[in-house]
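**Student:** Chains as they are written, first to last, in the numbering used here: chain A, 6 to 145; chain B, 6 to 145.
Just passing along the structure, written as structure tokens.
2 protein chains.
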Amino acid sequence: MSLTHTGVTIGPADLDPCGQPDHADCGIREVLDRVGDKWSVLVIVELANGARRFRELQRAVDGISQRMLTLTVRRLERDGLVLRTVYPTVPAQVDYRLTATGESLTHLVKALADWSLGHRDSIARARQAYDAEHPDNDIR
Amino acid sequence: MSLTHTGVTIGPADLDPCGQPDHADCGIREVLDRVGDKWSVLVIVELANGARRFRELQRAVDGISQRMLTLTVRRLERDGLVLRTVYPTVPAQVDYRLTATGESLTHLVKALADWSLGHRDSIARARQAYDAEHPDNDIR
DNA sequence: CAGCATCCGATAGGATACTG
DNA sequence: CAGTATCCTATCGGATGCTG
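Written as structure tokens, this is what we have:
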């Protein structure tokens with residue numbers, strides 16, 4: 006784990022993405038808002054396996070409404086993570102593929118997915134334990 | 006990019022977190038919902054630098070409301086990512102620190118932050134370009 | 001097929017006031 | 001200090017119907 010920090014390592018976990026002592030928001034938000042929304046990551050995961058057409062995407066992601074797929078894919082396009090290509094056939098045909106930038110995100114997405122799978126049991130158990138000890142507390 | 010896939014590599018980017026051809030949701034959601042929400046990651050980043058008290062956290066994350074900090078930190082506690090310790094002093098004193106599980110997430114969070122910083126310019130330019138060519142389209 | 005438009009309920013999340 | 005309790009708005013996101 007290396008970050009380009011300029012000086013000494015303060016603690017065992019000196020994590021400061023901005024280089025500021027208090028990492029205001031420093032733009033993490035911009036990415037997090039994209040990575041964080043309900044569908045983007047799943048779409049990226051699917052596109053990591055190759056170009057997909059609209060309906061293919063919708064079937065693959067499964068559960069996503071057409072409205073949300075449209076919005077998700079548009080935002081990814083706007084951010085330059087996905088390339089949208091329209092073929093002037095009849096009926097219309099459109100495909101989506103990751104750009105180089107989008108491709109570079111797949112590593113992280115994969116890491117996230119791996120972490121998720123690796124810890125889901127642990128998390129599930131933690132939740133059960135918590136819920137058992139806080140029956141009233143309805144944090145979800 | 007390597008994933009533990011069982012058979013042949015279909016494309017240049019065979020990314021399948023579940024091991025299923027269509028990666029339903031396979032539990033990525035559980036983590037994504039936590040990583041994805043507006044504040045969790047920022048809180049984790051702050052806690053990666055050491056234990057913090059409630060007010061310290063609120064000041065550090067900056068912008069978070071007290072209500073959201075409470076909810077965020079409670080959910081992280083429930084998931085076993087954060088340990089909450091109450092000292093029966095007057096006035097009350099509580100601190101929060103990452104558990105081992107939470108600690109293990111900091112690597113990913115850091116990677117995400119790095120990616121974010123590394124691509125924010127690229128993304129900003131993509132957005133400007135998109136908005137210039139789609140003046141009417143208001144996808145945000 | 002690949003969408004846009006519209007309606008509408010559910011949730012996120014801010015502001016504010018109060019408590020042990 | 002470290003919350004809890006309310007209220008209220010904005011956005012998310014599903015369902016449905018229509019178009020090129």
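Beta carbons are placed, not taken as given, at the ideal position from N, Cα and C, and that holds for glycine.
(1) Between the C-alpha atoms of Val-50/A and Tyr-135/B, what's the straight-line distance to the nearest angstrom?
(2) If we count the other Cβ atoms within 10 Å of its Cβ and call it buried at 16 or more, is Ser-70/A buried or exposed?
(3) Expressed to the nearest angstrom, what Euclidean distance is found between the alpha-carbon atoms of Arg-125/B and Arg-58/B?
(4) Check the Cβ of Asp-84/B against every Cβ in chain A and list those closer than 7 Å, keeping chain order.
(5) By the 10 Å Cβ neighbour count, where 16 or more other Cβ atoms means buried, how is Gln-98/A classified, buried or exposed?
(6) Which residue marks the beginning of the alpha helix (DSSP H) containing Leu-122/A, and which one marks its end?
(7) Per DSSP, which one or two residues make a beta bridge with Gln-98/A?
(8) Report the rounded CA-to-CA distance for Glu-108/A versus Val-91/B, giving the unit in angstroms.
(9) For Arg-145/A, which three-state DSSP category applies?
(10) Within 10 angstroms of its Cβ, does Ala-137/A collect 16 or more other Cβ (buried), or is it exposed?
(11) Please confirm whether Pro-121/B has its beta-carbon closer than 7 Å to some beta-carbon of chain A.
**Tutor:** Working from what's here:
(1) Across the structure, Val-50/A and Tyr-135/B are spaced so that their CA atoms are roughly 23 Å apart.
(2) Exposed, by the Cβ-count rule.
(3) For the pair Arg-125/B and Arg-58/B, the Cα-to-Cα distance works out to about 31 Å.
(4) By Cβ distance, chain A contributes Ile-128, Ala-131 and Arg-132.
(5) In this structure Gln-98/A is exposed. Its beta-carbon is surrounded by fewer than 16 other beta-carbon atoms within 10 angstroms.
(6) Residues 105 to 138.
(7) Partner residues in the beta bridge of Gln-98/A, as assigned by DSSP, are Tyr-92/A.
(8) Each residue's alpha carbon lies about 44 Å from the other.
(9) In the three-state reduction of the DSSP assignment, Arg-145/A falls in the coil class.
(10) With fewer than 16 Cβ atoms within 10 Å of its Cβ, Ala-137/A is classed as exposed.
(11) The residue you asked about is not Pro; residue 121/B is Ser in the sequence shown. So yes, Ser-121/B belongs to the interface.
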